[in-house]
Amino acid sequence: MLKRFQSLFVKDERLPNHRTNSSKVKLPHSCSTGYVKEPLLDKPNKIGIEPCVTTSTSSNISTSSRIKPADIDKHVQKGIEFHEIGELEKATHHFRQCAKEGSPIGMFLYGISLRHGWGCKANSALAFQYLQKAAEYAVSGLKKSCDGKKNDYDALFASKKGELVIAIYELGVSFQQGWGVSRSRETAFYYFKIAAQLGDADAQNEVGHCYYHGFGTKKDQFQAAKYYRMAAEQGRGLMGNSWIFKSKYDNVVVEE
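Per the numbering used here, residue 3 is the first one in the sequence shown, and the count goes up by one each step.
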């Protein structure tokens with residue numbers, strides 16, 4: 003990961019053995035943003051997003067590639083450093099510049115800033131578009147991972163895959179919470195499952211939760227146990243989930 007990239011996330015500050023049940027990202031300690039967050043969407047906003055990630059987006063976001071990937075990496079790092087000390091407007095400025103240059107990491111961080119109103123006016127719809135583009139890049143990058151003909155940005159993706167998988171998870175959170183798009187448990191489940199199968203432990207817990215309660219998918223205790231176990235193997239097991247280790251759940255195959 004980028005140096006101190008994890009400082010933007012809440013993993014180490016959550017109650018142990020509890021689900022995230024929201025975004026991973028946070029504000030620095032003792033820091034507040036002067037911008038007012040937008041209310042959650044209770045009704046469909048007619049964006050018309052289909053529950054799939056594609057490499058072609060209908061968003062109006064335009065990007066360029068004038069800055070070298072190595073320089074973008076430094077730019078992102080500078081934004082993270084400003085974020086850590088509570089200089090949110092400066093942090094978001096750097097994230098915005100990277101996003102405009104086509105950096106998927108920049109798109110993700112700028113999207114998160116827009117969603118929560120960190121150093122900028124909250125714009126949940128635009129935030130969703132940036133997060134979607136970051137997630138699209140993650141999926142297209144994974145498809146190219148076995149292709150020997152990689153350009154510089156593909157090489158940058160390879161070293162930052164973990165961060166971009168988080169973008170897919172956060173896209174699921176957007177649908178789960180109604181941030182920038184109408185709430186949809188089915189679509190949230192779709193994105194959580196992609197991130198879970200790519201190894202994100204929080205997404206694995208979310209998928210287990212969805213299977214267990216029938217949120218966005220049919221109830222299936224066997225699949226729930228499988229995904230909960232996957233998260234537990236990464237040290238993210240949940241309190242009260244000892245039932246998943248019963249022998250009848252030992253040979254469950256992940257459902258495609």
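C-beta: ideal position from N, C-alpha, C; glycine also.
These figures come from a predicted structure and were not determined experimentally.
Closest Cα partner of residue i within the set the options
i, options, result
"tyrosine 193", "Ile168, Ser184, Gly182 and Trp181", "Ile168"
"valine 255", "Asp222, Ser186 and Glu165", "Asp222"
"serine 126", "Gly113, Ala137, Lys135 and Glu138", "Gly113"
"glycine 108", "Lys123, Asp252, Glu165 and Gly121", "Glu165"
"alanine 136", "His118, Lys123, Phe97 and Gly121", "Phe97"
"leucine 240", "Ala227, Asp252, Lys220 and Cys100", "Ala227"
"serine 142", "Ile170, Gly216, His85 and Asn253", "Ile170"
"alanine 101", "Gln179, Gln131, Thr189 and Ala124", "Gln131"
CB contact flag (residue i, residue j, <8 Å)
i, j, result
"leucine 173", "leucine 133", "yes"
"valine 78", "leucine 111", "yes"
"phenylalanine 191", "valine 183", "no"
"alanine 197", "arginine 238", "no"
"glycine 218", "arginine 185", "no"
"tyrosine 229", "glycine 242", "no"
"proline 106", "alanine 129", "no"
"glutamate 257", "glutamine 236", "no"
Reduced DSSP category for residue i - H, G, I as helix; E, B as strand; rest coil
i, result
"phenylalanine 218", "Note that residue 218 corresponds to glycine in the displayed sequence, not to phenylalanine. In this structure, glycine 218 counts as coil in the three-state DSSP scheme."
"asparagine 125", "coil"
"glutamine 225", "helix"
"aspartate 202", "coil"
"glycine 242", "coil"
"arginine 185", "coil"
"isoleucine 170", "helix"
"serine 249", "helix"
"glutamate 103", "coil"
"leucine 90", "helix"
"glutamate 165", "helix"
"proline 46", "At proline 46 the pLDDT is 33, less than 50, meaning the model places this residue with poor confidence and gives no usable figure here."
"glycine 180", "coil"
"valine 254", "coil"
"glycine 81", "helix"
"glutamine 131", "helix"
"glycine 25", "According to the sequence provided, residue 25 is serine. The question's glycine does not apply to it. Coil."
"glycine 210", "helix"
"glycine 108", "helix"
Supposed close pair residue i, residue j - CB separation, criterion 8 Å
i, j, result
"alanine 233", "glutamine 206", "4 Å"
"isoleucine 74", "glutamate 103", "6 Å"
"alanine 93", "glycine 119", "At roughly 13 Å, the Cβ-Cβ gap does not stay under 8 Å, so alanine 93 and glycine 119 are not in contact."
Cβ of residue i within 8 Å of any chain C Cβ
i, result
"glutamine 99", "Considering every chain present, this structure includes no chain C. It has just one protein chain."
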